[in-house]
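Asks:
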Amino acid sequence: APGQPVVRLVDTERLEVSAQIPLHQADSLIQAKQLELLTDGESYRLKLRHLLPLVDMRGRNREARMEFTGNSALPGSSGRMQWRADEFHLPADIPVRRGGKLGVMLEQNGSARFLPLESALEGHPAAIDLPPETRIILQGRQKVTDGEKVQVSAGKQDAP
Numbered sequence: 099a100p101g102q103p104v105v106r107l108v109d110t111e112r113l114e115v116s117a118q119i120p121l122h123q124a125d126s127l128i129q130a131k132q133l134e135l136l137t138d139g140e141s142y143r144l145k146l147r148h149l150l151p152l153v154d155m156r157g158r159n160r161e162a163r164m165e166f167t168g169n170s171a172l173p174g175s176s177g178r179m180q181w182r183a184d185e186f187h188l189p190a191d192i193p194v195r196r197g198g199k200l201g202v203m204l205e206q207n208g209s210a211r212f213l214p215l216e217s218a219l220e221g222h223p224a225a226i227d228l229p230p231e232t233r234i235i236l237q238g239r240q241k242v243t244d245g246e247k248v249q250v251s252a253g254k255q256d257a258p
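Residues 99 to 258 in this note's numbering are what the sequence shown lists, from first letter to last.
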């Protein structure tokens, strides 16, 4: 059609990676010491170039732009970003949903207590800042309700 671009020029010398980062992960990305792009079974080291000061209100994301620090992926590649955070995270299968919110079930004085995790996303590891002595309920966490009496088992047990 008239006026439509026919060719799109791509700078093959200074490739960059653009990624949509959830708002609650932006600080973690900024503080990360090692960023990687995983694509087609390969890992590529990145350096954060810019985190745009604009929030996509539909997805509650910010756009981050990174540059390759070594080998580059092919232009147009898609993949997954990963970085190491300084905060502790629970595995994605540990949080439970109660009243429309994701959180963890804690044991306190023989009773279960639901602790909402405001920044938790379904299917993603959840950042958590709790004292080391906090008891997180693993066995039966999907069924136990807030305030229900629970019994602490002695010994190490694996989550279902």
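All C-beta atoms, glycine included, are put in the ideal place defined by N, C-alpha and C.
This one's a predicted model, so the numbers in the text were calculated from it and none came from an experiment.
(1) Measuring CB atoms only, is the region 241-252 touching the region 199-212, in the sense that at least three cross pairs come out at less than 8 angstroms?
(2) List, from N- to C-terminal side, the beta strand (DSSP E) runs of 3 residues or more that fit wholly inside the region 130-159.
(3) Buried or exposed: where does M164 fall if 16 or more other Cβ atoms within 10 Å of its Cβ makes it buried?
(4) May I ask which residues mark the beginning and end of the beta strand (DSSP E) holding H187?
(5) With a 10 Å radius around its C-beta and 16 neighbouring C-beta atoms as the bar for buried, classify V153 as buried or exposed.
(6) What is the C-beta distance between A218 and A183, in whole angstroms, given that I count them as a contact (C-beta under 8 angstroms)?
(7) Name the one or two DSSP bridge partners that V202 has.
(8) Do the region 161-179 and the region 189-197 meet, that is, are 3 or more Cβ pairs less than 8 angstroms apart?
Replies: Answer, in terms of the structure:
(1) yes
(2) 133-137, 140-154
(3) buried
(4) Per DSSP, H187 belongs to the beta strand (DSSP E) from 186-188.
(5) exposed
(6) Not quite, the Cβ-Cβ distance comes to about 14 angstroms (not below 8 angstroms), so this is no contact.
(7) L213
(8) Because the criterion of three Cβ pairs below 8 angstroms is not met, the region 161-179 and the region 189-197 do not touch.
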